[in-house]
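Beneath this line is the structure, given in structure tokens, with notes to follow.
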Amino acid sequence: MSECCGCGKVVDVARMQAKQRQVLVIVLIINLATFAMMALAAWRSHSSSLLSGSLDNLGDALTYVVSLAVVGASAQMKGRVALLKGFLILGAAIAVGVQIVWRLANPQIPLFESMGVAALLNLGANAVCLWLLTPYRSGDINMASAWECSRNDIYEGFAVILAALLVWVFGAGWPDLLIAAALLILFLRSATRVLRAAWKESRPNPARSQPLGPQHE
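Residue numbering for the sequence shown follows the working numbering, starting at -6 and increasing by one per position.
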């Protein structure tokens, strides 16, 4: 009887890990597609906020690749990989900061039509990703950090839509830069949260190696 119960647990874990891999593959493909779409739209519209979103999607795609690699790994290994995810988010923030500085030195009024269409398509795609990852938001650090990236994408999607509207209303480029700066702050905060949680998870936990129950001489 106990052996059957053990087999059931193994099957359940294997099924759960298979579902995690399937979800990560789907959101990986979506993020690669939205990165290409938004990068092209950012180039055509000269939008800093749109370029920020495309860089974020590329960083998310890399995050999902490493998430796939550690499905079923130990909690400590997942914590170490989550550190990499935190640094990827931080890298996206740095890239956003660099291109904001470049836009300040080379000001242009973005094409709000291209911004709006790309932002709406991106928001819809990111909403699908968040819906797929939400059941795993309270799971291990691996899936939780992937969900954190997807939630940021929703904020980013609304922010870029707002930027397109403000560019249209004011006929100026400063709203685009303002939203890009807000996204920079969002990425920095998210990177801090992921890195802090990952650092705790990746450190050896002596309690795991302590024997359970009272000790007898």
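We put the beta carbon where it would ideally sit given N, CA and C, even for glycine. Here the structure is a predicted model, which means the values were calculated and not measured.
Worksheet item: How long is the line joining the alpha carbons of residue 5 and residue 73, rounded to whole angstroms?
Response: In this model, residue 5 and residue 73 are separated by some 25 Å (Cα to Cα).
Worksheet item: Hey, would you say residue 138 sits closer than 9 Å to residue 78, going by beta carbons?
Response: Yes. Within cutoff.
Worksheet item: Any idea what DSSP makes of residue 102, helix, strand or coil?
Response: DSSP places residue 102 in coil when its eight states are reduced to three.
Worksheet item: Taking C-alpha atoms, which residue in 184, 116, 105 lies nearest to residue 36?
Response: Ranking the options by Cα distance to residue 36, first place goes to 105.
Practice prompt. My understanding is that residue 45 touches residue 176, with C-beta atoms under 8 Å, so please give their C-beta distance in whole angstroms.
Written response: At roughly 5 Å, the Cβ-Cβ gap stays under 8 Å, so residue 45 and residue 176 are in contact.
Worksheet item: At a cut of 8 Å, does the stretch 18 to 25 reach the stretch 149 to 161 through at least three beta carbon pairs?
Response: As far as the Cβ criterion goes, the stretch 18 to 25 does not touch the stretch 149 to 161, which means the pair count is below three.
Worksheet entry | Length of the line joining the Cα atoms of residue 30 and residue 165 | Residue 30 and residue 165 have their alpha carbons spaced roughly 24 Å apart.
Worksheet item: Skipping 5 residues on each side, what residues in its chain have a beta carbon closer than 8 Å to that of residue 16?
Response: If the five residues before and after residue 16 are omitted, its C-beta is found closer than 8 Å to the C-beta atoms of 125, 126, 129, all from its own chain and listed in chain order.
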